[in-house]
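See structure below.
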DNA sequence: TGTTGGATCAACT
DNA sequence: GTTGATCCAACAC
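Set out below in structure tokens:
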């Protein structure tokens, strides 16, 4: 079943963990994309230097300050989009980055957006309780591991926080 | 108005 | 292990 708003309004680390084993679904005009979520990362609040919201509210990260249960899509390195799902209550900036899906060529945040045709223009700010982009619970309860986040070495001590979650039985979600 | 660097990936050596 | 592709938001003038 489709996850309700209340799922996203809980603490971000719980949401990041619980999203593993769920299915991301993207309905387009001519096709439905769906894949199991196998890797996520949590980005929580102004004290997390790796979080875009650590530098205050801006045009780019505005979605993270809103209510949980919306898509936050941003463009990076001139070529790639990254898909995040916002969490927690309005006014508290937090989101979960979807890093990898169990879907062909979708292991990696940039690649999954390319495969799923997710763009900032079309999907940033989308309501995840709507009927374009959402997450489904199909009753799977995978073994979960956690580790350090990827590509955030600039964030100082925050880079060591074990806020990356992945499904144990996937040998290599997106990185060794 | 100009500069800079990033939550990446793939193709190299 | 390193590098090029390629662009927008943030910040410094």
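Residue numbers (our numbering): 35 to 210.
Note that beta-carbon positions come from the ideal geometry of N, C-alpha and C, so glycine has one too.
Do the CB positions of residue 85 and residue 114 come within less than 8 Å of each other?
no
Kindly indicate the opening and closing residues of the beta strand (DSSP E) around residue 85.
No beta strand (DSSP E) holds residue 85; DSSP gives it neither H nor E.
Residue 81 to residue 88 span [Cα, whole Å]
6 Å
Taking three-plus beta-carbon pairs below 8 Å as touching, is the stretch 99-117 in contact with the stretch 162-178?
yes
So, residue 98 versus residue 128, is the Cβ gap smaller than 8 Å?
yes
Leaving out five residues on either side along the sequence, give the residues of the same chain with a beta carbon under 7 Å from the beta carbon of residue 171.
35, 37 and 56
First and last residue of the uninterrupted beta strand (DSSP E) at residue 155
It is not in any beta strand (DSSP E) - residue 155 instead sits in the alpha helix (DSSP H) that spans 154-157.
Three or more C-beta pairs closer than 8 Å, one from the stretch 193-203 and one from the stretch 67-80: is that the case here?
yes
Could you pull out every unbroken beta strand (DSSP E) segment of at least 3 residues lying fully inside the stretch 106-194, listed in chain order?
114-120, 128-136, 167-170 and 178-181
Got a sec? Which residues, its chain only, sit under 8 Å from residue 54 by beta carbon, not counting five neighbours each side?
71, 72, 73, 74, 176, 178, 199, 200 and 201
For residue 60, count neighbouring C-beta atoms within 10 Å of its own C-beta (all shown protein chains included) and say buried if the count is 16 or more, exposed if not.
buried
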